[in-house]
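What follows is a short report on a single structure.
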């Protein structure tokens with residue numbers, strides 16, 4: 048299955064791109080994807096715990112299973128206002 | 025529509041009151057010239073657009089349920105803002121002022137907690153960084 052990963056703000060700069068598509072094994076959880084990205088992007092390694100994550104524009108927990116076509120984003124600390 | 029890349033028309037917010045409203049409370053967030061002792065020249069706001077829209081819509085809806093007869097309108101800027109520009113506007117209208125004040129306060133507090141918007145501060149020496157509210161205190 049393929050998911051679309053979006054990167055924002057400091058995560059976008061660390062990833063060097065704002066969007067990427069990835070092929071993932073069936074049954075991949077949000078936390079699994081975070082661990083994969085954490086191994087690739089040094090800035091992500093500074094986060095001891097998984098940051099808030101969104102699937103299809105809604106906050107989800109780490110155990111959420113990803114599906115083909117999902118839009119996934121890990122969100123750096125928000126600072127609106 | 026909750027996000028805008030154009031300057032917020034503050035005067036237009038004054039027309040939000042309905043016939044049943046006796047109070048209209050506005051909060052404006054404004055770009056300040058310093059943060060944590062460092063001078064700021066401008067702030068760049070970046071949003072996860074569609075999700076930020078949905079989150080602000082959800083906040084406005086739930087406030088309208090928590091304070092019946094109260095209506096909350098939110099507008100948040102994106103892009104590069106200069107010192108003194110309005111970055112966010114919350115308008116709460118209600119039959120009575122207590123509800124308007126409370127809903128307005130709750131709205132801006134929730135916006136800062138859950139809406140996927142980020143800001144990058146620029147300094148006079150050209151350096152910049154993303155603001156991380158979780159690092160304060």
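Chains as they are written, first to last, in this note's numbering: chain A, 48 to 128; chain B, 25 to 161.
Each residue gets a CB set at the ideal place from its N, CA and C atoms; glycine is no exception.
- In this structure, the CA atom of residue 110(B) is about 42 Å from the CA atom of residue 70(A).
- For the pair residue 52(A) and residue 65(A), the Cα-to-Cα distance works out to about 8 Å.
- When C-beta atoms of the segment 112-132 of chain B are compared with those of the segment 101-108 of chain A, fewer than three pairs fall below 8 Å, so the two segments do not count as touching.
- Under DSSP, residue 100(B) shares a beta bridge with 27(B) and 112(B).
- In the three-state reduction of the DSSP assignment, residue 104(A) falls in the coil class.
- Around the beta-carbon of residue 35(B), fewer than 16 other beta-carbon atoms lie within 10 Å, marking it exposed.
- At least one C-beta of chain B is nearer than 7 Å to the C-beta of residue 127(A).
- Under DSSP, the beta-bridge partners assigned to residue 105(B) are 67(B).
- Distance check between residue 111(A) and each of 127(A), 74(A), 85(A) and 126(A) places 74(A) closest, using alpha-carbon atoms only.
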